[in-house]
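So the sequence shown is numbered by our numbering: it starts at 6 and just counts up by one.
The beta carbon of each residue, even a glycine, is placed where N, CA and C say it ideally should be.
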Amino acid sequence: MRLRLTIIGLLLGSMFHVQAQADYFYPQAGPFNSEIPTPEEFLGYPIGSHHTRQDQIVSYLQKLAILSNRVSYEIIGETFEHRSQIVAIFTASSNHQQLETIRKKHLDGQITGNTSNLPLVVHLGYNVHGNEPSGSEAALLTAWYLTASENPETKNWLENMIILMDPVINPDGRDRHTHWANMHKGTPPVADPLDREHTEIWPGGRFNHYWFDLNRDWFLGTFPETRNRIAFFHKWRPYVQTDHHEMGTNSTFYFDPGEDASNNPIVPDYLYKKIYPAYAEAFAKATDKLGSLYFTREAYDKLYPGYGSSYINFYGGAGFLFEQASSRGHIQETKTIPITFAFTIRNQFTASLTTLRASLNQKEMLLTMRRSFYKTAKEQQAAAPVKGYVFGDPNDKTRTEAFLSMLLMHEIDVYINDKQMTASGQSFEGGKTYYVPTAQDNYIMVRSVFENDITYIDSSFYDASTWSLIQAYGLPFAALKSEISSGKKLTSVPQMQAKIPEKSAYAYALDNRDYHIFKAIYHLQKSGVIVQTAFRPFTVMEDKKEKTFGRGSLIIPVQQQFLTADSLYQVIRQVAQQTMVDITPLQTGLSTAGIDLGSRFVQTLTPPKVLMIIGTGVSATEAGEIWHLLDQRLQMPITKMDILNLSQADLKRYNTIIMVSGNYSLLDKTITQNIKNWVQAGNTLIALKSGAEWALKNGFTKEKIPVEDSSKKKELRRSDFDEAANIEGAKSLGGSIFQVDLDTTHPIGFGFSNRLQPVYKNGTTLMLPSENPYATVAQYTKNPLIGGYVHPTTLKKIKNAASIIVSKEGNGRVILFADNPNFRGTWYGTNRLFLNALFYCQNLDVPSVRTEETE
Ligand SMILES: [Zn+2]
């Protein structure tokens, strides 16, 4: 072993010699302009010998832009951790001089494909997953090559292409991994897969600051990183976009086409039938030359519109995915020879140059693809029964406007619906709801946003099998069979005007239907206001009109406060300004209908003091979704406690513990018992998915998970070896939308006007309905599937199972969610279920059935 490593060390040493390095990465590719520093000269180390920090990548591109008139750059934004998002532009200086003119002409020719006399726009994107670092290092080599090469081919590329480069799509995640790899690097390097360099600690570098996967965010736009990037995408609408990833260390190299079954059926198929096969030939030829092994038509999916390699497909372009076996560090043992960082970079770099070469060669095909894309989309639209969508909830401006903002991000045409109308049994208020006609250029994206079910061919999905955003936002909507005349076209999200209430000497009431009600509760409580809530509706007079407040509306009495009436009014004004929640001053406690303000059905809310368990074994994305929700949308701090620190925690500081999906085996018997005692003493445990299963299996509650009937004799089945992947893969639930019946009289259901609600399910957690009839707050319906794929045997189990249970345990309570209500920061609809659990259930007494003994 030692001998082998020494040889590898020698190989690495010689490989990093300057000339040897050039030969390794750039065989037969001169001459180069010596005025342009190589990445090695700029950084002080050879590419592949060290992980390059994101700020160094930014500096290098800025340096190239100073030294060469082939290069310019744009800072398109900044991450949460204040790293600049840079995009570099490489093209001949003659093109640079009229870049804006070219861009406008290029955009003008989108629909007609009439851009043959213009340079071709190609975008290279790298490192969306922070711990897949070879891409960004390849970006440095590509940047140098495009700047320094005096080769006629390179000059031809620059004359005839505008090459856009996003070198680090996820700067915060990349640097998290960069520091990890560099700080643990040995000299000589250590290839043992279990060395600390190769085993990042939780949450790893894959995700962004809030532990989200940015390679799912192109469709959702939850994050500024993505929003900035999508704005840049639409500014340029490239023909080609690459996305460079890494996969398991023992794999090889992947390039498109993907599996036939993963082609999105609503995207015109010229892309799949012509473009991918043509590029595959070019990639194969280049990769064969290196001697690297690779595969195509396996494993990766192009169904979902939100990947870096698929988003462009929904705008008449071609997205390319590259997946390179990872050295995850500088060198790592594999089942054959050790894989070096330099080797992984070379494949990505070769793929980058090959993309450019193939794109210019296939320019005619790319233009044909774009033309046929818009033509086919138009034909699809003409033949489709749905001609438009009307949607919106005037009582929840925050949620409606978040949805509008997402539509506009995708450049979907949206109009104000200016007439009162009824469709699909729902009424849509004129002037306060919106209309999206299907007859528009971005029809393919409209379908993706609004349809529940895009017909799929196969069952083994890499990811979600449905992604209907209108369901995720939970907004009232209707699909219309004919076009309607509509009002003004939106150019931006309408600016909300805060309605400041008059000062009251008696009480204020807050309508709870707006998404920002929780932000309001948090800020009121933080300011020392006693906040009460109505468990039953009440009606008051406002401006001589009756106004009804639903369950969960807030009541703020003026006299029963530690604050003076003036100070209280100051807080009320601030909350009105910051949240846009509708606040009504009340002069009397006597209601015209429903309960009065002093009713026994009015309860004081206890401020949540939240601890979320995070760390090894816990789902980083689910935890990140909650951190992001409270931090960014409510401006509420949350303690994220590492699982290893729980034994030292004084649990009395908290009244709520959150456990998302995860393996909680690091919690030993003593800690588990401590949490149990803490619940019994009057506190609240909120557990999601496998976190809920952990609570169920560890005796936190009397509720149950379904058990297979072992008395039934199992039929023995025999299948072919090769069928296993398909048969077993089909049983996993990649992500589908199901319908639940929600008890809207329960605090978890407060603020929902409809009992039937969509939930997103991407796990196998199942719970039996409670024996206590009042404890099953949400239950899957008899025919629960709304959209997406589910195996028939799984569907059978989901029917009528419990989706949310609130169970009383001692003086406390356990709230169990079978699904994740905060999925990818986009499920604005079910966010409310989670936030209701957090804010409305602190002192909740779950009713129970009276038995004869107790009577
Ligand atoms: Zn990746």
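Residues that DSSP places opposite lysine 508 in a beta bridge: Partner(s): none; lysine 508 has no beta bridge.
Threonine 438, buried or exposed, once every other Cβ within 10 Å from all chains shown has been counted against 16: The residue in question, threonine 438, is buried, as its Cβ has 16 or more Cβ neighbours within 10 Å.
Contact test: glutamate 251 Cβ vs ligand 1 heavy atom, cutoff 7 Å: Result yes, Cβ under 7 Å from ligand 1.
Within 8 Å, strictly: CB atoms of phenylalanine 408 and leucine 480: Going by C-beta atoms, phenylalanine 408 is nearer than 8 Å to leucine 480.
Where the beta strand (DSSP E) containing isoleucine 489 begins and where it ends: DSSP places isoleucine 489 outside any beta strand (DSSP E), giving it a letter other than H or E.
From Thr675, Tyr785, Leu840, residue whose alpha carbon lies closest to that of proline 613: Taking proline 613 as reference, the option from Thr675, Tyr785, Leu840 with the minimal CA-CA separation is Leu840.
Exposure of glutamine 502, with buried meaning 16 or more beta-carbon neighbours within 10 Å: Its Cβ having fewer than 16 others within 10 Å, glutamine 502 is exposed.
Sequence-distant residues of its chain with Cβ nearer than 6 Å to valine 245 (five each side left out): Excluding sequence neighbours, valine 245 sits near Val127, Ala323, Ser364.
DSSP-derived helix/strand/coil call for valine 195: Coil at valine 195, not helix or strand.
Nearest candidate by alpha-carbon position, reference phenylalanine 238, set Asn679, Asn318, Gln445, Ile344: The option with the nearest alpha carbon to phenylalanine 238 is Asn318.
Neighbourhood of glycine 140 by C-beta, 6 Å cutoff - its chain only, sequence neighbours within 5 removed: Hits under 6 Å: Tyr131, Asn132, His249, Gln353.
Phenylalanine 354: first and last residue of the uninterrupted beta strand (DSSP E) it sits in: It is not in any beta strand (DSSP E) - phenylalanine 354 instead sits in the alpha helix (DSSP H) that spans 346-366.
Three-state class that DSSP yields for phenylalanine 828 in the structure shown: Assigned with DSSP and collapsed to three states, phenylalanine 828 falls in helix.
Near ligand 1: asparagine 220 beta-carbon under 7 Å from a heavy atom: Proximity of the beta carbon of asparagine 220 to ligand 1 is indicated: a heavy atom of the ligand is located closer than 7 Å.
Cβ-Cβ distance between phenylalanine 554 and leucine 693 below 8 Å: At a Cβ-Cβ threshold of 8 Å, phenylalanine 554 and leucine 693 do not count as neighbours.
Which residues DSSP lists as bridging tyrosine 150, in chain order: Answer is none; tyrosine 150 lacks a bridge partner.
Nonlocal neighbours in the same chain, by C-beta distance under 7 Å from phenylalanine 396, ignoring five residues either side: The beta carbon of phenylalanine 396 is closer than 7 Å to those of Thr438, Tyr439, Ile475, Leu480, Pro481, Phe482 in its chain, skipping five residues each way along the sequence.
Rounded Cβ spacing between proline 138 and threonine 183 (contact assumed at less than 8 Å): Yes, proline 138 and threonine 183 are in contact; Cβ-Cβ is about 7 Å, under 8 Å.
Residue of Ser808, Arg855, Ala735, Ala186 minimising C-alpha distance to serine 54: Ala186 is the residue among Ser808, Arg855, Ala735, Ala186 whose C-alpha sits nearest the C-alpha of serine 54.
Outcome for methionine 546 when other beta-carbon atoms lying within 10 angstroms are tallied against a minimum of 16: When all chains shown are included, methionine 546 counts as exposed.
Burial state of arginine 151 (16 or more Cβ within 10 Å): At residue 151 the sequence reads leucine, which differs from the arginine that was named. With 16 or more other Cβ atoms within 10 Å, it is buried.
Exposed unless 16 or more other CB atoms sit within 10 angstroms - verdict on phenylalanine 378: Phenylalanine 378 should be labelled buried.
Cβ neighbour criterion (16 or more within 10 Å) applied to leucine 849: With a 10 Å radius around the Cβ and a threshold of 16 neighbouring Cβ atoms, leucine 849 comes out buried.
Cβ contact check for the segment 267-277 and the segment 341-348: 3 or more pairs under 8 Å: No, they do not touch.
Serine 315 versus Asp261, Leu559, Ala444, Lys787, residue with shortest Cα-Cα distance: When only C-alpha atoms are compared, the closest one is Asp261.
C-beta atoms of histidine 528 and valine 580 nearer than 8 Å: Taking C-beta atoms as the reference points, histidine 528 and valine 580 count as a pair closer than 8 Å.
Cβ pair leucine 690, valine 782 closer than 8 Å: Judged by their CB atoms, leucine 690 and valine 782 are not nearer to each other than the 8 Å cut-off.
Beta-ladder partner(s) of valine 441, from DSSP: The partner list for valine 441 (beta bridge, DSSP) reads Tyr394.
Test item: CB-CB of isoleucine 220 and histidine 134 under 8 Å: According to the sequence shown, residue 220 is asparagine rather than isoleucine. Their beta carbons are under 8 Å apart, which means asparagine 220 touches histidine 134 by this criterion.
Isoleucine 648 beta carbon less than 8 Å from that of glycine 622: Their beta carbons are under 8 Å apart, which means glycine 622 touches isoleucine 648 by this criterion.
Ligand 1 heavy atom lying under 7 Å from the CB of glutamate 137: Yes, since a heavy atom of ligand 1 falls inside the 7 Å radius drawn around the Cβ of glutamate 137.
Any non-hydrogen atom of ligand 1 within 7 Å of histidine 796 CB: Distances taken from the Cβ of histidine 796 to the heavy atoms of ligand 1 include none shorter than 7 Å.
Leucine 361 versus Val498, Leu651, Tyr765, Tyr284, residue with shortest Cα-Cα distance: Ranking Val498, Leu651, Tyr765, Tyr284 by Cα distance to leucine 361 puts Tyr284 first.
Inside the segment 509-567 only - beta strand (DSSP E) runs reaching at least 3 residues: Qualifying beta strand (DSSP E) stretches, in chain order: 512-515, 537-539, 543-547, 550-554, 559-562.
Check: histidine 182 C-beta below 7 Å from any heavy atom of ligand 1: Histidine 182: no, Cβ never under 7 Å from ligand 1.
Bridge partner(s) assigned by DSSP for serine 432: DSSP, once it has assigned bridges, lists Thr427 as partnering serine 432.
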